[in-house]
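The next block holds one structure in the form of structure tokens; read it before the comments.
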Amino acid sequence: MNILIIGGGGREHALARAISKSQKCTQLYAAPGNPGISQFATCLEISSDNPESVIQECQKREIKLVVIGPELPLVLGLADALRNHNILAFGPSAAASRLEGSKSFARDFCKRYQIRQPTYERFTDIRKAKKYASLIGPHCVIKADGLAAGKGVIVCNATKQSFDAIDMMLGGGFGDASQAILVEECITGPELSAFALVDGEDVMWLATARDHKRAFDGDMGPNTGGMGAASPSPDETDSLREYILENILKPTAKGMVADGTPYKGILYAGLMLTDEGPQVIEFNCRFGDPEAQVILPRLESDLLELIISHCSQKQQEAQVVFSPDVAITVIMANKGYPASYQPNSIIRQLDTLSVQSDRFIYHSGTQQNDQGDIIASGGRVLSITATAETYSAARKKAYDTVSHIKWENGFYRKDIGNF
Ligand code: AMP
Ligand code: GLY
């Protein structure tokens, strides 16, 4: 089967590596892909924002399955457009992707189905939002309702800070994405990312991960897209997993069916493990990045076979097996990220690192220049992953690989997976 992966980050590199291992994969394409992905796939210059050009490319190259990595094309309806043209799509419909695309939709949904979450209100009026924020107190969270490239959440510790965040967002700080905002109670506890494959009411548990979201060691500094991850989460236990399945994932799948918008694809629940139990921070309609870079290397089953069964309404017959080994990934980012940074510095010694089955370098924001050098073009640039029996052994291997990479403009956290 010919397959197209939409996206060009570390998550899509991990998807490409896993899919390319399958006997069922004939020709693999990626759009736009990146220099790392090009090891496994032919990279195509088509815009995923335009479903018509994706469909034309599929017809031209006899692509029968499209695996959609990022949220934006899903929210814009790419999966629906592909299915309307009888092309298999891995990812939920636009209607179901609202669980990620609109934070107020997700909050109202959880409220209706009694899925535990922080208290919240939605606002379009600055004065009313500030009144509610004052009521919550100094610890509150201000969120843009729509997609804001992972930057639309401000966790505040003082009323002045929440007022400034409200002014900024409702003043158009994130354009259309912050025409409406949520003001939420700030809850505390370790965070856990839970992943399931959902087809209607059928929920197949996949795995958990811990994402390290803050920029600097010791969970200091601003929130980022994720500076590293570990899978499974160190907090995962059999009883926690059962709780999440029965009280969060299954009720979500059931509720989406009852609402007439059945969910079909990866459901990623971002949870906070509070003293009163797990609560939903957010839902995402895709694999996480960098969570995919730690979950997929642990997958022993054939990913492509699993995706094909899921897309052909045969998920119930499929089995999924993960290695008991743990995986760690360390992100190398451009100095300055998540704020502004100097792009296009050269990364050396990437190709001299031997490829071993228990360590791998995934590319995120990289490009190749005319001289053939790999240059750092994005904020998050590389994900250095290792698997081992213990977190400390996986850490050792991942940081050993990091130490061989010569990139003066890069930085990374030194405490990923240090549990
Ligand atoms: P989100 O984009 O919704 O995942 O939010 C980004 C990060 O903000 C989360 O990973 C949490 O660390 C934090 N966050 C979001 N909502 C809350 C909340 N209600 N209470 C505490 N922290 C939160
Ligand atoms: N790692 C967070 C996300 O993928 O949204």
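Note that our numbering gives residue 281 to position 164 of the sequence shown, counting from 1, and the numbers run on in steps of one.
The C-beta atom is built at its ideal place from N, Cα and C for all residues, glycine as well.
C-beta contact flag for residue i and residue j at 8 angstroms
i, j, result
"F477", "T502", "yes"
"F291", "A246", "no"
"A265", "S295", "yes"
"A450", "V411", "no"
"L324", "S356", "It should be pointed out that residue 324 corresponds to Ala in this sequence rather than to Leu. No."
"L205", "T241", "no"
"F404", "R128", "yes"
"V447", "I361", "no"
"S139", "D419", "yes"
"N340", "K452", "no"
"E434", "S440", "no"
"A332", "P407", "no"
"P414", "T504", "yes"
"H521", "Q473", "no"
"A409", "A511", "no"
"F536", "Y508", "yes"
"G186", "G267", "no"
"I154", "H480", "yes"
"F226", "G372", "yes"
"A326", "S310", "yes"
"D442", "E353", "no"
6 angstroms CB neighbourhood of residue i in its chain, flanking five on each side removed
i, result
"D490", "I463"
"E301", "P235, Y237, V258"
"P368", "Y230, I232"
"F280", "K247"
"M389", "I304, G306, E308, Q396, I398"
Assigned exposure category for residue i - 16 Cβ within 10 Å defines buried
i, result
"K381", "buried"
"V438", "exposed"
"N274", "exposed"
"P537", "No answer is possible for residue 537: it lies beyond the span of the chain, which begins at 118 and ends at 536."
"R244", "exposed"
"T143", "exposed"
"L252", "exposed"
"A375", "exposed"
"D316", "buried"
"G269", "buried"
"Q488", "exposed"
Where residue i sits in the DSSP three-state scheme
i, result
"M389", "strand"
"M337", "strand"
"Y479", "strand"
"T507", "coil"
"M373", "helix"
"S310", "strand"
"F291", "coil"
"Q473", "strand"
"C428", "helix"
"V519", "helix"
"K531", "coil"
"M344", "coil"
"P395", "strand"
"D316", "strand"
"R403", "coil"
"M118", "coil"
"Q484", "strand"
Contact set for residue i: own chain, Cβ-Cβ below 7 angstroms, skip 5 residues either direction
i, result
"R215", "F222"
"N66", "Only positions 118 to 536 of the chain appear in the structure, and residue 66 is not among them; the question remains open."
"S494", "P460, N461, G482, T483, Q484"
8 angstroms Cβ shell around residue i - same chain, five flanking residues per side excluded
i, result
"L161", "L121, Y146, A147, A148, P149, G150, E174"
"C428", "L182, L205, A206, F207"
"L199", "P168, V171, I172, C175, V183, L205, A206"
"M337", "R331"
"Y249", "E238, F240, V300"
Query - Secondary structure, beta strand (DSSP E): runs of 3+ residues fully inside the stretch 197-263 - result: Secondary structure within the stretch 197-263: the beta strand (DSSP E) runs of 3 or more consecutive residues, fully enclosed, are 205-207, 237-240, 257-261 (chain order).
Query raised in the report: Mind pulling the alpha helix (DSSP H) runs of 4 or more residues that sit fully within the stretch 132-199?
Result: The stretch 132-199 contains these whole alpha helix (DSSP H) runs: 168-178, 188-192.
Query raised in the report: Relative to the ligand ADP, what is the chain-ordered list of residues with a Cβ closer than 7 angstroms to any of its non-hydrogen atoms?
Result: The ligand ADP is absent from the structure shown, which contains only the ligand AMP and the ligand GLY.
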